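All remarks here apply to the structure that follows.
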Amino acid sequence: LAINHTITRNTGNGQFRTGEKDNLNITHSSNTTQQAINGFAAPWFKGTVTYSGDNKQTLVKGTYQNLIISGAGERNIREKVNLKGILRMESGTLLTNDSLTLKSDSANTALISHKGTGALSGKVEIERFIHGSGEQEILFGTAFQNAILRDYTEDMPILGPDGVQLSSGANATVWEYRSE
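With my numbering applied, the sequence shown covers 5 to 184.
Written out as structure tokens, the structure reads:
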């Protein structure tokens, strides 16, 4: 399915959803106040959505399984976008406006593909689901250039061996390594 115009729900409470095998190509040219799909509470794109073209586009808020950015145009996230699969930046620029979340659950963790020449600008929130309980060692890593250890420790408790919130002391349980 290709959309080169706006689809708007004017009344009612309908949902906009695509199936797992559906591919949606959005070529609709927009500005920051107009999206290709409007009026739906929480669209869920279970297949692959491609934003293509050389003009400015605004991403539809909602949840995406796979997302492809293609073409020289600039893409703008204006409202919350959740990604559950793969973001492929083939070309162009995606401005997150600090509204992109890479989701993680017991089945999958979203990622950004290294293929392509596209650029990503703005903050990206990363979730990481961790299986199990009890004492365990977990390796966290990120492909983002400016991620720092403080970014992790601000959002999750780092506990010492006795289960008490860790303070800066001699018995560290978190280490940082940078390969520069």
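By construction, the Cβ of each residue, glycine as well, lies at the ideal position given by its N, Cα and C atoms.
All figures in this text were calculated on a predicted structure; none of them were measured in a lab.
*Considering only residues of the same chain and omitting the five flanking positions on each side of LYS127, which have a CB-CB separation below 7 angstroms?*
THR100 and ASP102
*Per DSSP, the bridge partner or partners of GLU78*: THR97
*Candidates ILE72, LEU63, SER110 and ILE90: which alpha carbon is nearest GLU83's?*
LEU63
*At least three beta-carbon pairs within less than 8 angstroms, the segment 46 to 66 to the segment 106 to 113*: no
*asked:* Starting from LYS50, trace the beta strand (DSSP E) in both directions and tell me its first and last residue.
replied: 48 to 56
*Is DSSP giving ARG92 helix, strand or coil here?*
strand
*When DSSP labels each residue in this structure, what does ASN59 get in the three-state scheme?*
coil
*Hey, would you say GLY51 sits closer than 8 angstroms to THR31, going by beta carbons?*
no
*Proximity to GLY120 [Cα-Cα], best of GLU24, LEU71 and PRO47*: LEU71
*Closest by C-alpha distance to LYS2, when choosing among PHE133, SER108 and GLN61*: Not covered by the structure: residue 2. The range shown for the chain is 5 to 184.
*Coil, strand or helix - SER117 by DSSP*: coil
_Using 8 angstroms as the threshold, is the C-beta distance between GLY96 and ILE73 below it?_
yes
*From LEU28, GLN69, LYS25 and ASN59, pick the residue whose C-alpha is nearest to that of LEU106; which is it?*
GLN69
*CB-CB under 6 angstroms to ILE130, same chain, minus the five flanking residues each way: which ones, in chain order?*
LEU106
*DSSP beta-bridge partners for GLY66?*
VAL85
*Where ASN112 sits in the DSSP three-state scheme*: coil
*Taking DSSP as the reference, what is the three-state secondary structure of SER125?*
strand
*Verify whether the separation of the beta carbon atoms of ASN86 and THR54 is less than 8 angstroms.*
no
*Own chain partners of ILE142 with C-beta closer than 8 angstroms, once the 5 adjacent residues on each side are dropped*: ILE134
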